[in-house]
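Undergrad: Dropping the structure in here first, questions after.
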Amino acid sequence: MAIQSVYADKRTIYVAGGCFWGVEAYFKRVAGILGTAVGYANGKTENPTYEEVCHNDTGHAETVRLEYDRHIISLEEILLHLLRIIDPYSVNKQGGDVGTQYRTGIYYTNEADKARVERLFKAVDPEGKFAVEVLPLEQFFDAELYHQDYLDKNPNGYCHVALYKADEPLVDLPAYVKEDKEALKARIGDDAYAITQESATEHSFTGEYDDFFEKGIYVDIVTGEPLFISSAKFNSGCGWPAFSRPITANSVVYKEDHSIPGRPRVEVRSAHGDSHLGHVFPDGKEDLGGLRYCINSKSLRFIKAEDMAKEGYGAWLPLLDEEV
């Protein structure tokens, strides 16, 4: 079951990661991506053809235009997706493809995006060894029609990207071996067990994180998997912690909930541990996309920013200051 924001806020970024067939196909599988187009960017010629880009010195990079809803997926999350499917240290080569048209790059259309890209790269590549160029978009020419959605039309066509990775967690999750009922109860308590394992609900205005806004991340009390980020938390007045979106688009899953007759709801569960977390409603803040993730405090554990690295969550630090 997929989820969409009530008030989509469409943004655009251009990414180059080698052959554009695979890069486009990968991002089409990522939640929050609204549209894609493949083309040629930042070269020296007007309206180049594929043959010209491949065989002449056009200077163009095979590039994918990504239109995304920032309320579902952040720019930082998109960048992490790109880094997982490319070799960021390779110059003019990705997979078996060699040439300047296969260079890697991120092409932005506003200075705010440039700053966010540079901030994330500094966090994940502190020595500055990435060969990924970060430049303003100078021009983008749509590729020929047969290149658009190429792998949809040719499912057995060439692809240098592991497409299945689009459905996997962006960052390795902490190791978790499922405990038996009594061991889990002893560790997290009866109330947290009833909520996460039996879909109970804590009383409103009683949860530890209802009126709590420190900087950090919220993880599954059972498995430790990251679920929500402090920058997406807001005061909804509902009596439970409220978030505008999860930390990444695939960190939670959704299920139809008909447990209350005549009142269908959308249940939110952790993707890895299948813990019941709460529900999502379309009555959130308009400027945050309109969704309200109403989450039980006892299904969560908060890790403050300064403790994230020592607790094994340092890889998530670049997301702390993302735009919501």
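Per full-length UniProt numbering, residue 1 is the first one in the sequence shown, and the count goes up by one each step. Built from N, CA and C at the ideal position, the CB exists for glycine as well.
1) Run through the UniProt domain "MsrB" (181-305) for me and flag every whole beta strand (DSSP E) of 3 or more residues, listed as ranges in chain order.
2) Relative to the alpha-carbon of glutamate 138, which residue among Ile13, Leu277 and Pro126 has its alpha-carbon at the smallest distance?
3) Only counting the same chain, and skipping five residues up and downstream in sequence, which positions put a Cβ closer than 7 Å to that of glycine 39?
4) State the Cα-Cα distance for the pair glycine 290 and aspartate 283, rounded to the nearest angstrom.
5) What residue range does the alpha helix (DSSP H) around tyrosine 313 cover?
6) Can you name the start and end residues of the beta strand (DSSP E) that glutamate 322 belongs to?
7) Can you tell which of Ile3, Thr223, His60 and Gly22 has the C-alpha that lies nearest to the C-alpha of leucine 34?
8) Indicate whether the contact test is met: 3 or more Cβ pairs, each with one atom in the stretch 295-307 and one in the stretch 15-29, closer than 8 Å.
9) Return the CA-CA distance between glutamate 77 and phenylalanine 212, expressed in angstroms with no decimal places.
10) If contacts are defined as beta-carbon pairs under 8 Å, then alanine 315 and valine 171 qualify, I think. What distance do you get, rounded to the angstrom?
11) Among residues of its own chain, excluding the 5 on either side of lysine 185, which ones have a beta-carbon nearer than 7 Å to its beta-carbon?
12) If asparagine 250 sits next to alanine 8, beta carbons under 8 Å apart, how far is it from one beta carbon to the other, in whole angstroms?
13) Comparing alpha-carbon positions, which option in Leu288, Pro136, His147 and Gly237 lies nearest alanine 112?
14) Please identify the residue among Ser275, Asp257 and Gly273 whose C-alpha is closest to the C-alpha of glutamate 267.
15) How is glutamine 94 classed by DSSP in three states: helix, strand or coil?
16) With a CB to CB cut of under 6 Å and the five nearest residues on each side skipped, what residues in its chain are close to glutamate 24?
17) From this set, Tyr146, Ile188, Cys54 and Lys304, which residue's C-alpha is nearest tyrosine 102's C-alpha?
18) Per DSSP, valine 15 forms a beta bridge with which residues?
19) Using the Cα positions of tyrosine 209 and serine 90, report the straight-line distance between them to the nearest angstrom.
20) What is the DSSP secondary structure of isoleucine 85, counted as helix, strand or coil?
21) In angstroms with no decimal places, state the Cα-to-Cα distance between threonine 104 and serine 5.
22) Name, in chain order, the residues that DSSP records as bridge partners for alanine 8.
23) Identify which residue in Ser244, Lys181, Ser275 and Gly224 has its Cα closest to the Cα of cysteine 294.
24) DSSP beta-bridge partners for glycine 39?
25) In the DSSP assignment, what residue or residues form a beta bridge with aspartate 69?
26) What residue from Tyr218, Lys304 and Tyr26 has the CA that sits closest to aspartate 152's CA?
27) Taking the alpha carbon of lysine 93 as the reference point, which residue from Ile72, Tyr108 and Ala61 has its own alpha carbon closest?
28) Whose C-alpha, out of Asn235, Gly216 and Val98, is nearest the C-alpha of phenylalanine 205?
29) Using 9 Å as the threshold, is the C-beta distance between leucine 83 and valine 124 below it?
30) Closer than 8 Å by C-beta to cysteine 159: which residues in its own chain qualify, once you throw out the five before and the five after it? Chain order, please.
31) Between histidine 279 and arginine 265, which are expected to be in contact by the criterion C-beta below 8 Å, what is the C-beta distance as a whole number of angstroms?
TA: So, from the data block:
1) 216-220, 226-229, 252-257, 265-270, 276-281, 292-295 and 300-304
2) What you label residue 138 is simply residue 138 of the sequence shown in a count that begins at 1. When each option's Cα is compared against that of glutamate 138, the closest is Ile13.
3) The residue given as residue 39 occupies position 39 in the sequence shown. Excluding residues within five positions, the ones whose Cβ falls inside 7 Å are Thr63, Arg65, Phe140, Phe141, Asp142 and Ala143.
4) The sequence position of residue 290 within the sequence shown is 290, counting from 1. The sequence position of residue 283 within the sequence shown is 283, counting from 1. C-alpha separation (whole angstroms): 6 Å.
5) Looking up residue 313 in the sequence shown gives position 313. Per DSSP, tyrosine 313 belongs to no alpha helix (DSSP H) and is neither H nor E.
6) Here residue 322 refers to the residue found at position 322 of the sequence shown. Per DSSP, glutamate 322 belongs to no beta strand (DSSP E) and is neither H nor E.
7) To locate residue 34, count along the sequence shown from 1; it is residue 34. Among Ile3, Thr223, His60 and Gly22, the Cα nearest to that of leucine 34 belongs to Ile3.
8) no
9) Taking the sequence shown and counting its residues from 1, one reaches residue 77 at position 77. Taking the sequence shown and counting its residues from 1, one reaches residue 212 at position 212. Rounded to whole angstroms, glutamate 77 to phenylalanine 212 spans 25 Å at the Cα level.
10) Here the question's residue 315 lines up with position 315 in the sequence shown. Here the question's residue 171 lines up with position 171 in the sequence shown. Contact holds; Cβ gap of about 5 Å.
11) In the sequence shown, residue 185 corresponds to position 185, counting from 1. Excluding residues within five positions, the ones whose Cβ falls inside 7 Å are Tyr193.
12) Within the sequence shown, numbered from 1, the residue matching residue 250 stands at position 250. Within the sequence shown, numbered from 1, the residue matching residue 8 stands at position 8. Actually they are not in contact, since the Cβ atoms of asparagine 250 and alanine 8 sit about 18 Å apart, beyond 8 Å.
13) Position 112 of the sequence shown, counted from the start, is the residue given in the question as residue 112. Minimum Cα distance to alanine 112 is reached at Pro136.
14) Indexing the sequence shown from 1 puts residue 267 at position 267. If we check each option's Cα against that of glutamate 267, Asp257 comes out closest.
15) Walking along the sequence shown from the start, residue 94 turns up at place 94. DSSP places glutamine 94 in strand when its eight states are reduced to three.
16) Here the question's residue 24 lines up with position 24 in the sequence shown. Contacts found: Thr36, Val38 and Val64.
17) Counted from its first residue, the sequence shown places residue 102 at position 102. Closest by alpha carbon: Cys54.
18) The residue given as residue 15 occupies position 15 in the sequence shown. DSSP, once it has assigned bridges, lists Val64 and Ile106 as partnering valine 15.
19) As a working mapping, residue 209 is identified with position 209 in the sequence shown. As a working mapping, residue 90 is identified with position 90 in the sequence shown. Distance between the alpha carbons of tyrosine 209 and serine 90: 44 Å.
20) The count along the sequence shown starts at 1 and reaches residue 85 at position 85. Helix.
21) Taking the sequence shown and counting its residues from 1, the one referred to as residue 104 is at position 104. Taking the sequence shown and counting its residues from 1, the one referred to as residue 5 is at position 5. C-alpha separation (whole angstroms): 31 Å.
22) Locating residue 8 in the sequence shown gives position 8, where the first residue counts as 1. Answer is none; alanine 8 lacks a bridge partner.
23) Position 294 of the sequence shown, counting from 1, holds the residue named residue 294. Residue Ser244 is the option with its Cα nearest to cysteine 294.
24) In the sequence shown, residue 39 corresponds to position 39, counting from 1. Thr63 and Asp142, per the DSSP bridge assignment.
25) Here residue 69 refers to the residue found at position 69 when the sequence shown is read from its first residue. According to DSSP, aspartate 69 bridges with Lys10.
26) Position 152 of the sequence shown holds residue 152. Nearest of Tyr218, Lys304 and Tyr26 to aspartate 152, Cα basis: Tyr26.
27) Taking the first residue of the sequence shown as 1, we reach residue 93 at position 93. Of Ile72, Tyr108 and Ala61, the residue nearest in Cα terms is Ala61.
28) Within the sequence shown, the letter at position 205 stands for residue 205. Per the Cα distances, Asn235.
29) Within the sequence shown, residue 83 is the residue found at index 83, counting from 1. Within the sequence shown, residue 124 is the residue found at index 124, counting from 1. In this structure, valine 124 lies closer than 9 Å to leucine 83 by Cβ.
30) Numbered from its first residue, the sequence shown carries residue 159 at position 159. Around cysteine 159: Cys19, Trp21, Gly22, Ala25 and Leu151.
31) As a working mapping, residue 279 is identified with position 279 in the sequence shown. As a working mapping, residue 265 is identified with position 265 in the sequence shown. Confirmed, Cβ separation roughly 5 Å.
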